[in-house]
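If you're matching positions, the sequence shown starts at 2 in our numbering and goes up one per residue.
A virtual CB, placed ideally from N, CA and C, is assigned to each residue, including glycine.
Values in this document were obtained by computation on a predicted structure and should not be read as measured data.
All remarks here apply to the structure that follows.
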Amino acid sequence: MKTRQFPKFLAIIPARSGSKGIKHKNIKPFCGRPLIYYAIKEALKCKKLGRVIVSTDSPQYGKIAKSFGAEVPFLRPRHLAGDKSPMVDTVTHLLKRLKEEENYEPDYLVLLQTTSPLRTYKDIEKCIDLALSRKYDGVVSLCPTEQLLYTIENGFLKLLHKKDWLSSTNRQSLPATYKLNGAAVYIIKTSTFLRNKSFLKGKIAPYIMGKWRSVDLDNEEDFALAELIYRSKNKMLRGQTGLA
């Protein structure tokens with residue numbers, strides 16, 4: 002009897018050098034190590050990932066990524082490394098190069114942003130298991146958010162949800178709501194990604210992470226908060242067994 006082969010999962014860690022909000026954000030020190038280290042470390046601990054590749058336009062970033070054990074088979078073209086360059090184009094280019102130069106085609110893509118340092122290899126493994134548990138095209142990580150969200154329009158508050166929610170005086174009676182948590186984990190079938198040019202189109206399963214582990218590093222305040230949580234996370238996990 003022929004043994005069924007485990008699908009090929011490719012982890013992609015984007016790390017362009019031209020961050021505007023925080024200069025060299027992807028290699029900025031975080032709890033004593035370059036930020037990119039944490040995504041690479043957790044990806045390499047996940048034995049279900051076949052390869053861990055960093056996509057960067059910077060030789061310096063590439064050297065750092067390799068020193069931590071990631072692959073950097075080639076540098077990303079500069080035109081795909083701008084602050085407005087679509088991630089879809091970057092991933093498509095990477096897949097094309099891997100096919101042409103190595104004849105390598107993964108079954109699934111696993112996108113891991115460096116800006117989610119509180120994600121662990123267990124999150125990645127659980128997302129992979131979820132992707133394979135049913136006929137899902139992919140998985141995306143989320144975190145809880147407030148049920149009633151507002152925007153500001155012409156100087157006035159505007160409810161983003163259905164107005165009938167306002168009739169409820171009990172928040173617990175409202176349905177739970179979630180938001181993307183900075184792309185801590187995105188998984189998608191390669192065929193689905195290439196067809197739809199998206200990580201979010203298709204039959205996508207949710208993977209819920211706790212709000213405290215969903216800090217997305219966009220500014221210095223986020224860095225300070227995430228470092229505080231990272232240093233305390235083992236204590237928090239011991240005290241909150243079972244919390245994602």
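Beta-carbon proximity of GLU101 to PRO74, cut-off 9 Å: By one-based count along the sequence shown, residue 101 stands at place 100. By one-based count along the sequence shown, residue 74 stands at place 73. In this structure, PRO74 does not lie closer than 9 Å to GLU101 by Cβ.
Chain-order list of residues whose beta-carbon lies under 6 Å from that of GLU43 (same chain, five-residue window excluded): Counted from its first residue, the sequence shown places residue 43 at position 42. Counting only Cβ-Cβ distances below 6 Å, and skipping sequence neighbours, we find THR121 and TYR122.
Residues near ASP84 in its chain [Cβ-Cβ closer than 7 Å; skip 5 each side]: Numbered from 1 along the sequence shown, position 83 holds the residue referred to as residue 84. GLY19 and LYS21.
Nearest candidate by alpha-carbon position, reference ALA12, set THR191, VAL53, ARG34 and TYR208: By 1-based counting over the sequence shown, the position of residue 12 is 11. The residue with the shortest Cα to Cα distance from ALA12 is VAL53.
Cβ shell of ILE14 (< 6 Å), same chain only, five flanking positions each side left out: Indexing the sequence shown from 1 puts residue 14 at position 13. If we look at ILE14 and ignore the five residues flanking it on each side, its Cβ neighbours are ALA40, VAL55 and LEU113.
Nearest residue (CA-CA) to GLY183, options GLU126, PRO107 and LYS212: Looking up residue 183 in the sequence shown gives position 182. It is LYS212.
C-alpha gap between ASP124 and PRO107, whole angstroms: In the sequence shown, the residue the question calls residue 124 occupies position 123. In the sequence shown, the residue the question calls residue 107 occupies position 106. Answer to the nearest angstrom: the Cα atoms are 20 Å apart.
Best match in GLY63, ARG34 and ALA71 for proximity to ARG77 [C-alpha to C-alpha]: Here residue 77 is taken as the residue at index 76 of the sequence shown, counted from 1. Comparing Cα positions, the closest option is GLY63.
Where the alpha helix (DSSP H) through ILE125 begins and ends: The residue you call residue 125 lines up with position 124 of the sequence shown. That run of the alpha helix (DSSP H) goes 122-134.
Reference VAL89; option with closest CA among PHE200, ILE230 and TYR105: Within the sequence shown, the letter at position 88 stands for residue 89. For VAL89, the nearest C-alpha among the options comes from PHE200.
Closest residue to ARG34 among SER86, SER68 and PRO207 (Cα-Cα distance): Along the sequence shown, one-based indexing puts residue 34 at 33. Here the closest residue by C-alpha is SER68.
Through-space distance from CYS144 to ALA82, alpha-carbon basis: The count along the sequence shown starts at 1 and reaches residue 82 at position 81. The count along the sequence shown starts at 1 and reaches residue 144 at position 143. The straight-line gap from Cα to Cα measures roughly 28 Å.
TYR187 - DSSP class collapsed to helix/strand/coil: Reading the sequence shown from its first residue, position 186 is the one you call residue 187. The answer is strand: DSSP assigns TYR187 an E or B state.
Alpha carbon of PHE194 to alpha carbon of LYS9, nearest angstrom: Within the sequence shown, the letter at position 193 stands for residue 194. Within the sequence shown, the letter at position 8 stands for residue 9. Whole-angstrom Cα-Cα distance: 15 Å.
PRO220 burial status per 10 Å Cβ neighbour count (16 or more: buried): Walking along the sequence shown from the start, residue 220 turns up at place 219. A small correction: the amino acid at residue 220 is Asn; Pro does not occupy that position in the sequence shown. That one is exposed.
Residues near ALA71 in its chain [Cβ-Cβ closer than 6 Å; skip 5 each side]: As a working mapping, residue 71 is identified with position 70 in the sequence shown. Within the same chain, ALA71 has close Cβ partners ILE41, VAL53 and VAL55.
Beta-carbon spacing of PHE224, ILE65 below 9 Å: Translated into the one-based positions of the sequence shown, residue 224 becomes position 223. Translated into the one-based positions of the sequence shown, residue 65 becomes position 64. It is not a contact, given that the beta carbons lie outside the stated cut-off.
Given PRO60 as reference, the closest of LYS46, ARG79, LYS198 and LEU50 once Cα atoms are compared: The count along the sequence shown starts at 1 and reaches residue 60 at position 59. Selected option, being the one with the closest Cα: ARG79.
Test item: CB-CB of SER142 and ILE189 under 9 Å: If you number the sequence shown from 1, residue 142 lands on position 141. If you number the sequence shown from 1, residue 189 lands on position 188. The answer is no: Cβ separation not under 9 Å.
Environment of ALA177 [buried if 16+ CB atoms lie within 10 Å]: Translated into the one-based positions of the sequence shown, residue 177 becomes position 176. ALA177 is exposed by the Cβ-count criterion.
Cβ-based burial, ASP130 [other Cβ within 10 Å; buried from 16]: Here the question's residue 130 lines up with position 129 in the sequence shown. Result: exposed.
Three-state class that DSSP yields for PHE224 in the structure shown: Here residue 224 is taken as the residue at index 223 of the sequence shown, counted from 1. Helix.
Nearest residue (CA-CA) to ARG196, options GLU126, VAL92, LEU99 and ALA185: Residue numbering aside, residue 196 sits at position 195 when the sequence shown is read from its first letter. Nearest to ARG196 by C-alpha distance, out of GLU126, VAL92, LEU99 and ALA185, is VAL92.
Close beta carbons around ASN27, own chain, < 6 Å, minus the five adjacent residues each side: Stepping through the sequence shown from its first residue, residue 27 is reached at position 26. Contacts found: ALA16, LEU36, ILE37 and THR115.
Simplified DSSP assignment, three categories, for ALA12: Locating residue 12 in the sequence shown gives position 11, counting from the first residue. Note: ALA12 maps to strand in three-state DSSP.
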